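**Q** In order, the protein sequences belong to chains A and B. Heads up, the numbering used here is the position in the first sequence plus 10, with the first residue counted as 1. Heads up, the numbering used here is the position in the second sequence plus 10, with the first residue counted as 1. Glycine residues also receive a C-beta, built at the ideal position from the N, C-alpha and C atoms. None of the values given here were measured: they were computed from a predicted structure.
There are 2 protein chains.
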Amino acid sequence: MRTYTKVQKTGSVGRSIDVTSFKNYEELCSAIECMFGLEGLLNDPRGSGWKFVYVDYGNVVLLVGDDPWEEFVGCVGCIRILSTTEVWQMSEEGMKLLNSAAMQGINGTMSEGGRL
Amino acid sequence: MRTYTKVQKTGSVGRSIDVTSFKNYEELCSAIECMFGLEGLLNDPRGSGWKFVYVDYGNVVLLVGDDPWEEFVGCVGCIRILSTTEVWQMSEEGMKLLNSAAMQGINGTMSEGGRL
């Protein structure tokens with residue numbers, strides 16, 4: 011069982027950090043920006059193209075910074091730095107999943123209707 | 011099931027080591043530097059060009075030395091010594107992956123549009 015949290019960015023060697031060693035989001039963010047050479051880019055209010063997210067134990071991808079710090083520390087599974095393309099890809103895959111579920115639903119309803 | 015851990019470096023014969031026989035990162039690092047004739051180069055604070063990484067059981071490439079030693083011993087799948095070129099290649103492949111995903115998306119959107 012890992013106590014450290016993996017930090018991943020496509021195309022870079024991943025890192026492991028102890029989130030409990032940081033006091034707040036600002037400290038965490040600065041340390042991770044420094045590790046990946048992204049100084050000032052993860053928390054850029056103008057939007058730098060990078061999305062700073064985490065995956066919780068329920069396997070849900072969430073934006074880092076929304077939750078109260080202590081809650082984040084308790085539920086973070088791994089941290090990821092997503093590029094614009096990956097965010098866009100995520101949305102595309104989500105749409106495909108929804109569309110295929112919708113199609114299955116329609117077909118399911120039709121065949122069920124046929125049985126009546 | 012292997013109990014020993016493979017250590018690989020492109021262009022060299024790989025080695026197998028028992029990570030549990032070492033007490034800490036310093037010991038492991040020295041032994042591996044010695045095996046591959048890289049004395050003083052894997053842990054060079056000035057950056058020697060070599061990246062000392064491992065692949066964990068989740069298939070993620072991570073920097074050796076971030077995790078507490080006992081956790082590293084428990085989750086290391088294999089160890090790799092990457093050259094600057096390989097690190098650069100990894101980042102290039104990451105970019106290609108992202109770009110091809112973006113292109114597929116654009117084409118997908120276009121062909122879907124065509125079907126309308």
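Pull up the CB-CB distance for residue 40/A and residue 51/A, whole angstroms please, since I reckon it's below 8 angstroms.
**A** Rounded, the Cβ-Cβ distance is 11 angstroms, inconsistent with contact.
**Q** At the 8 angstroms Cβ level, is residue 104/B part of the contact set with chain A, yes or no?
**A** So, interface residue.
**Q** Is the beta carbon of residue 83/A less than 8 angstroms from the beta carbon of residue 73/A?
**A** Taking 8 angstroms as the Cβ cut-off, residue 83/A and residue 73/A do not qualify as a contacting pair.
**Q** Short check: CB of residue 26/A to CB of residue 46/A, under 8 angstroms?
**A** No.
**Q** Would you list the residues sitting across from residue 26/A in a DSSP beta bridge?
**A** Partner(s): 16/A.
**Q** Could one say the Cβ of residue 91/A lies closer than 8 angstroms to chain B's Cβ atoms, at least one of them?
**A** It does not; no Cβ of chain B falls within 8 angstroms.
**Q** I'd like to know whether the C-beta of residue 21/A is nearer than 8 angstroms to at least one C-beta of chain B.
**A** It does: the Cβ of residue 21/A has a partner Cβ on chain B nearer than 8 angstroms.
**Q** Quick one: what's got a C-beta closer than 8 angstroms to residue 32/B's C-beta in the same chain, skipping five residues either side?
**A** Counting only Cβ-Cβ distances below 8 angstroms, and skipping sequence neighbours, we find 38, 41.
**Q** Please check if any C-beta of chain B sits within less than 8 angstroms of the C-beta of residue 130/A.
**A** What the structure shows of chain A is the stretch from 11 to 126, and residue 130/A is not part of that stretch, so it cannot be assessed.
**Q** Cα-Cα, which of 101/B, 78/B, 102/B is closest to residue 86/B?
**A** Of the listed residues, the one whose Cα sits closest to residue 86/B is 78/B.
**Q** Taking residue 70/A as the reference, give the member of 44/A, 19/A, 104/A, 56/A with the closest Cα.
**A** For the residues 44/A, 19/A, 104/A, 56/A, the minimum Cα distance to residue 70/A belongs to 104/A.
**Q** Sort out for me which residues DSSP pairs residue 71/A with in a bridge.
**A** According to DSSP, residue 71/A bridges with 65/A.
**Q** When DSSP labels each residue in this structure, what does residue 48/A get in the three-state scheme?
**A** Looking at residue 48/A - three-state DSSP - the assignment turns out to be coil, as it is neither helix nor strand.
**Q** Please identify the residue among 95/A, 116/A, 114/A whose C-alpha is closest to the C-alpha of residue 114/B.
**A** The shortest C-alpha separation from residue 114/B is found at 95/A.
**Q** Hey, how far is the Cα of residue 93/A from the Cα of residue 61/A?
**A** Residue 93/A and residue 61/A: Cα-Cα distance of roughly 6 angstroms.
**Q** Rounded to a whole number of angstroms, what is the C-alpha to C-alpha distance between residue 15/B and residue 112/A?
**A** Computed Cα separation, rounded: 47 angstroms.
**Q** Using the Cβ count rule (16 or more neighbours within 10 Å means buried), how would you classify residue 116/A?
**A** Its Cβ having fewer than 16 others within 10 Å, residue 116/A is exposed.
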